[in-house]
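Working notes for the structure below.
In our numbering, the protein residues as written are 290 to 588.
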């Protein structure tokens, strides 16, 4: 049994019409469907959605990881329930989704819903020439890459993800021995698909950032040039993280922080020990760029 990949995320936005316009016409996503007030958008790689937008506030409403089949859902449902967490089961709840188990994560500031899902469309690999829904306009991300959450207690959440869902902790920021300030976790070989930070920001914050996959620094540069035509104000980057080593560029849009990410490294040794960092400033930039004061804030 193994969880395969980050599948999608649902964000709350203060102005739904502006958020749709931005994410479709500027960022380059494609509308995949609507249910009630929620709009489902995709990067175009397959027929599954990557980002859902829901009106009202900011931050993350829920996110999902993909599993292979129903046996995986049954297996992890029992694991989560054995942890003492209530699990909900659903069928065909969202576009291209077959089955789902959903539960609230422990140790968060406000309820954050996590799902494990099976999907109808399971392509073997990304093929730019045969991606069915690519629009080839706007910034043009390839895929949803990873999420950064804001939580109340990263250590408790890390213990749950590791013991109940078989996540592995790639890196941990420990400002003092045994104190978890932030965690970067993975389900397969890429360094992190789910990061979570605690200790700074407001008590109602749920999202640090949502990151989308770009091919390389040239793709990021073209995307940022496109975004510059629409009042881009870059918050942090372009740079390369020391912790995680991916390329990054952060900015705010539609009430939430976006990251352009490229060159996420692979952890080739599945049993590799977790790396511990005690200086968050040094961990954030291989090139010595200082984080802005605003970077402690989430949504």
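C-beta: ideal position from N, C-alpha, C; glycine also.
Are residue i and residue j close, meaning C-beta to C-beta below 9 Å?
i	j	result
residue 384	residue 329	yes
residue 409	residue 337	yes
residue 391	residue 370	no
residue 454	residue 546	no
residue 452	residue 372	yes
residue 317	residue 430	yes
residue 550	residue 503	yes
residue 501	residue 422	no
residue 399	residue 565	no
residue 496	residue 428	no
residue 356	residue 418	no
residue 387	residue 378	no
residue 529	residue 552	yes
Do you know offhand how far residue i's Cα is from residue j's?
i	j	result
residue 526	residue 463	24 Å
residue 476	residue 426	31 Å
residue 347	residue 544	6 Å
residue 308	residue 345	11 Å
residue 374	residue 510	43 Å
residue 536	residue 554	10 Å
residue 520	residue 487	30 Å
residue 442	residue 560	25 Å
residue 583	residue 574	16 Å
residue 363	residue 588	33 Å
residue 523	residue 361	40 Å
residue 492	residue 580	21 Å
residue 556	residue 541	29 Å
residue 342	residue 402	15 Å
residue 483	residue 449	13 Å
residue 339	residue 474	19 Å
residue 320	residue 444	37 Å
residue 325	residue 456	33 Å
residue 480	residue 558	11 Å
residue 305	residue 315	15 Å
residue 478	residue 310	34 Å
Residue i and residue j look like a contact to me (Cβ under 8 Å); what is the Cβ gap, rounded to whole Å?
i	j	result
residue 350	residue 300	7 Å
residue 489	residue 585	4 Å
residue 297	residue 352	7 Å
residue 447	residue 458	6 Å
residue 513	residue 538	6 Å
residue 440	residue 396	6 Å
Quick check: is the beta carbon of residue i nearer than 9 Å to any beta carbon in chain D?
i	result
residue 518	Among the chains in the structure shown there is no chain D, since it carries only a single protein chain.
Name, in chain order, the residues that DSSP records as bridge partners for residue i.
i	result
residue 565	461
residue 499	436 and 547
residue 344	302
residue 585	DSSP, once it has assigned bridges, lists no residue as partnering residue 585.
residue 423	Answer is none; residue 423 lacks a bridge partner.
residue 324	327
residue 297	353
residue 506	Answer is none; residue 506 lacks a bridge partner.
residue 483	436 and 474
residue 319	331
residue 523	540
DSSP three-state label for residue i, please.
i	result
residue 310	helix
residue 466	coil
residue 349	strand
residue 376	coil
residue 365	helix
residue 401	coil
residue 570	helix
residue 394	coil
residue 580	coil
residue 536	strand
residue 529	strand
residue 553	coil
residue 290	coil
residue 444	helix
residue 411	coil
residue 476	coil
residue 386	strand
residue 453	helix
residue 418	helix
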